[in-house]
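*Asks:* Below you will find the structure I want to go over with you.
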Amino acid sequence: MSGCARLSDRMPEVVHGRSRWTPDEAAHLAGCADCRRELALVQATVAMGRKAPRLTDPANLAATVERRLAGARMRRRDGTRRIAGLAAAAALLIMVWGRWPERPAPAAESAGSPAQSLVPLPELELLDPAELDSLLQRMEVPSAGSSTLDAPGLGDLEDTELEQVLDTWEG
Amino acid sequence: MTPAPLPEPSDQALVAAYRHGDQRAASELVRRHGPAVARFLYSSGALAADIEDLVQETLFRAFRGLDRWRGEASFRSWLFTIAGNLTRDAFRRRKGREVISLEDRDLPDRADPDAELAAGELEERLRAELGRLPRLQREVFLLRAQEGTSYEEIAAALGTTPGAARVHYHHAVKRLKELVG
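Residue numbers (the numbering used here), protein chains in the order written: chain W, 22 to 192; chain G, 0 to 180.
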């Protein structure tokens, strides 16, 4: 290794005060303009780093980072809960539907009448068409001839079932 | 006789403590490495006004992805690689525009205004030129020159070999030396 290469390797240690030049190195430095320029460059780089803005409050910075991490964890949990809620809503819907197999088919002329309330299920809009088809196939539609997707009214449910449905929708 | 001070816990020990819910360990890691990350970002050309936010983002990403730190490189070097990614993204957003400015704190206020001004100008040129270096050259140079990190550790942090790190350093030095009179 040449004298210049050896000095180059040692410069950071010397500039950071972890080491000192040997007499041989000091002599080389005195006679080598290129090494002096490199030394000046390393010194300028260290000096530049010292001018970096100081962090105002590291403890507060750590607390801010921890708050952000907690927020990120909560968002991840919320996403999981939303999916679980959707699955629970679908399962409950199937269960509720299954309890009214003998429900009479609605009269064709009464379809769309205000008295026949459809249960709004915003979660169903999030399902893929294939998932929706699968869900519908698993439901026993009260009348094979009925083309109307008529859900049982909320008023038909018992109080505990109603609470379950509402809890599930609210996630 | 006063008892000898307890040795400071290693980064690995602090990371393990943080994983077990010790928030003070995170604060200690921030106190220990935050200023070095700020130096790295500043020297890489980040705006002074952005440093605090960038340090915070670096630490956030580091703690969020702590499982990816396998301890091959030092925790600090690992933080620098994350900060390097942020700097690269910031450069892309700026699309190469030069926004480095001579700020108040760089103005001469000491006994030798000419020397101070020359030093300030050199640093500004240095920051600008560092920003133009290829990423690996810049990061190797800063880790080596500014932090005194060994080539072995630089190689582990940046996913290269010590020999390649040395070559990157010398390429960077060759180019940056032109700035020094």
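Every residue, glycine too, gets a C-beta built ideally from N, C-alpha and C.
Is the number of C-beta pairs between the segment 124-137 of chain G and the segment 57-77 of chain W that are closer than 8 Å three or more?
*Replies:* yes
*Asks:* Under 8 Å, with one C-beta from each stretch per pair, do the segment 126-141 of chain G and the segment 153-169 of chain G reach the 3-pair mark?
*Replies:* yes
*Asks:* Within the same chain, show all residues whose beta-carbon is closer than 6 Å to that of LEU53 (chain G), passing over the 5 residues directly before and after it, in chain order.
*Replies:* LEU40, ALA45 and LEU85
*Asks:* Could you tell me which whole alpha helix (DSSP H) segments of length 4 or greater appear in the segment 36-95 of chain G?
*Replies:* 50-63 and 74-93
*Asks:* Pop quiz: SER43 (chain G) and LEU129 (chain G) are said to be a contact at Cβ under 8 Å. What is the actual Cβ separation, rounded to whole angstroms?
*Replies:* SER43 (chain G) to LEU129 (chain G), Cβ: 6 Å. Contact.
*Asks:* Using alpha carbons as the reference points, say which of W:THR85, W:GLY52 and W:GLU182 lies closest to LEU113 (chain W).
*Replies:* W:GLU182
*Asks:* Using a Cβ-Cβ cut-off of 7 Å, state whether VAL29 (chain G) counts as contacting chain W.
*Replies:* yes
*Asks:* Once the 5 residues before and after LEU135 (chain G) are set aside, which same chain residues still bring their CB inside 6 Å of it?
*Replies:* HIS167
*Asks:* Do the segment 61-68 of chain G and the segment 74-94 of chain W touch if we need at least three Cβ pairs shorter than 8 Å?
*Replies:* yes
*Asks:* Near PRO33 (chain W), which residues of its chain fall below 8 Å by C-beta distance, leaving aside the five closest residues on each side in sequence?
*Replies:* VAL63
*Asks:* Pull up the distance between the alpha-carbon of LEU175 (chain G) and that of CYS25 (chain W), whole angstroms please.
*Replies:* 16 Å
*Asks:* Could you check how far apart the C-beta atoms of LEU78 (chain G) and THR57 (chain G) are, in whole angstroms? I think they sit under 8 Å.
*Replies:* 6 Å
*Asks:* Buried or exposed, going by whether 16 or more other CB atoms sit within 10 Å of the CB of ALA171 (chain G)?
*Replies:* buried
*Asks:* Within 10 angstroms of its Cβ, does GLY166 (chain W) collect 16 or more other Cβ (buried), or is it exposed?
*Replies:* Since pLDDT at GLY166 (chain W) reaches only 43, below the 50 mark, its modelled position is unreliable, and the value read off the structure follows with that caveat. GLY166 (chain W) should be labelled exposed.
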